[in-house]
Structures are given as C-alpha cells and as structure tokens.
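Colleague: After the structure tokens below, expect a handful of questions from me.
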Amino acid sequence: MTWNIWNRRNKLLREKTLLNEQSVINSSMEFKNVGREAAIGIVACDHHGFVVGGVARKVASPQNAESAEAMTFSLGIQFACEQGWDRVIIEGDAFSIINRINIQHDDLTVVGLSLRETKAVLDIHPNFKVCYTNRLANRVAHSLAQWALSIDNLVWFYFDEPNCIRSDVILDAIGI
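In case it helps, the numbering used here puts the sequence shown at residues 130 to 305.
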C-alpha cells in the first residue's frame, strides 16, 4: 500500500499524470473430459490488488474446453459491468479466446459467434482490456475454478473470499 502511494506521487510529480486506477479480473476455467464437466472461477481485485469479489460456478455440458473458456471471459466482463467499473483489465490464460476477443474482423466459428455479445460490450467500454496472463499468475482464479467442480451451486462473493482460495490470495498478495 505504501509503495502504491509513493508510486502515484512520483508519477504525478515527474510526469504530471496519475496512474490509472484499474481493477483486474482474473478468469480461469477447469475442464474434465471425464463426465465433460467444466467450472469457472472469476476473481476481481481493486486497483490496490485486494480481492473484492468473484464467482465460482459449474458450466452445464460445455461443447469443449474452448467454449467454456469463452464463457469465462464473458462472465468476467459481466462482473466488471455489474460493479460499475470503467477501467478494467480482464486477464486469463486462454490465448485462443483472448485473440478471438481482440481481433477486429468477424469470427464465424461457433466460439466466435458466442463471443459476439462480449465483443459488443467491450466496444461500449473502451477502457476494458483483455490480456493474457500465465497460469501461475492466475492461480487464485484457477483454484476457485477447481473448487467450483466440487460444488453444485453458483457462488458469488464480495470481500469475503471462500476458504478454499484464502491461502492463494495471501500468497498472491505477498508475491510468492
């Protein structure tokens, strides 16, 4: 926290600009070929890196892992809209979905068509960015998705994360 204040102060003094206060949403999906089960984990952090909410849920009979990943990003973007955030980075570890979201031409594949509404929401929110992050940097959302495979209900949380990810949140916060 102290570093954030110091960094913002220096940015203002040296460059006469403030750092943008962006929220980050990490999204991950867990897919089991056995039983064709999939689950989504979404973890939202404020501009200080503190977990402020998220969602864990199973996905009913996804066609494949890629369609479940597409649903993950769509849900992350929906979460940001519902919070009323205007500067958001949505991160995930699915290159193919990130590329499909960020391309400007029409994608006529099944997954591309399912992302059409997501891309329309991003057009309305130009300060929402979809970026890649590696699996290790996405471990909290990944742990949440793994946990979601073991539960039957949709779980939304705000400020009080489930116990299953608490240790990952702490490790992530201290940079381990």
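Note that CB positions come from ideal geometry on N, CA and C, so glycine has one too.
From Asp281 to Gln151, what distance separates their C-alpha atoms?
Modeller: Using only the alpha carbons, I get a separation of about 32 Å.
Colleague: Among the residues of its own chain, which have a CB less than 6 Å from the CB of Ile227, if the five just before and after it don't count?
Modeller: Val259 and Tyr261.
Colleague: Leaving out five residues before and five after Glu159 in sequence, what residues of the same chain have Cβ atoms less than 6 Å from its Cβ?
Modeller: Closer than 6 Å at the Cβ level, and outside the excluded window around Glu159, lie Ala168, Ala274, Gln275 and Leu278.
Colleague: Helix, strand or coil for Arg216? Go by DSSP, reduced to three states.
Modeller: It is coil, neither helix nor strand.
Colleague: Among Glu195, Arg245, Trp285 and Arg268, which residue has its Cα nearest to the Cα of Lys161?
Modeller: Of the listed residues, the one whose Cα sits closest to Lys161 is Glu195.
Colleague: Under 8 Å, do Ala270 and Val172 count as touching if we go by C-beta distance?
Modeller: Their beta carbons are under 8 Å apart, which means Ala270 touches Val172 by this criterion.
Colleague: Do Ile219 and Ile154 come within 8 Å of each other at the CB atom, strictly closer than that value?
Modeller: Against a cut-off of 8 Å, the Cβ pair of Ile219 and Ile154 comes out as a contact.
Colleague: Check whether the Cβ of Phe208 sits closer than 7 Å to any heavy atom of the ligand PLP, and report yes or no.
Modeller: The ligand PLP is absent from the structure shown, which contains no ligand whatsoever.
Colleague: Report the three-state DSSP secondary structure of Ser225 (helix, strand or coil).
Modeller: Looking at Ser225 - three-state DSSP - the assignment turns out to be helix.
Colleague: Short check: CB of Thr201 to CB of Gly183, under 8 Å?
Modeller: Cβ distance not < 8 Å, so Thr201 and Gly183 don't count as in contact.
Colleague: Beta carbon of Ala199, beta carbon of Leu251: below 8 Å?
Modeller: No; because the gap between Cβ atoms is not below 8 Å, this pair is not in contact.
Colleague: Measuring alpha carbon to alpha carbon, tell me which of Ser156, Ala249, Arg165 and Gly178 ends up nearest Leu300.
Modeller: Of the listed residues, the one whose Cα sits closest to Leu300 is Gly178.
Colleague: Which stretch, first to last residue, makes up the alpha helix (DSSP H) that contains Ala277?
Modeller: First-last of the alpha helix (DSSP H) with Ala277: Arg268 to Ala277.
Colleague: Please classify Ile232 as buried or exposed, where buried requires at least 16 neighbouring CB atoms within 10 angstroms.
Modeller: Looking at its Cβ environment, which holds fewer than 16 other Cβ atoms inside 10 Å, Ile232 is exposed.
Colleague: Look at the alpha carbon of Ser203 and the alpha carbon of Trp285, and state the distance between them as a whole number of angstroms.
Modeller: Rounded to the nearest angstrom, the two C-alpha atoms are 16 Å apart.
Colleague: Since I believe Ser157 is in contact with Asn267 (beta carbons under 8 Å), could you give me their beta-carbon distance rounded to a whole number of angstroms?
Modeller: Contact holds; Cβ gap of about 5 Å.
Colleague: Within this structure, are the beta carbons of Arg229 and Asp236 separated by less than 8 Å?
Modeller: Yes, they are a contact pair.
Colleague: DSSP three-state label for Phe202, please.
Modeller: In this structure, Phe202 counts as helix in the three-state DSSP scheme.
Colleague: Could you tell me which of Cys210, Asn292, Ala185 and Tyr287 sits nearest to Ala249, measuring between CA atoms?
Modeller: The shortest C-alpha separation from Ala249 is found at Cys210.
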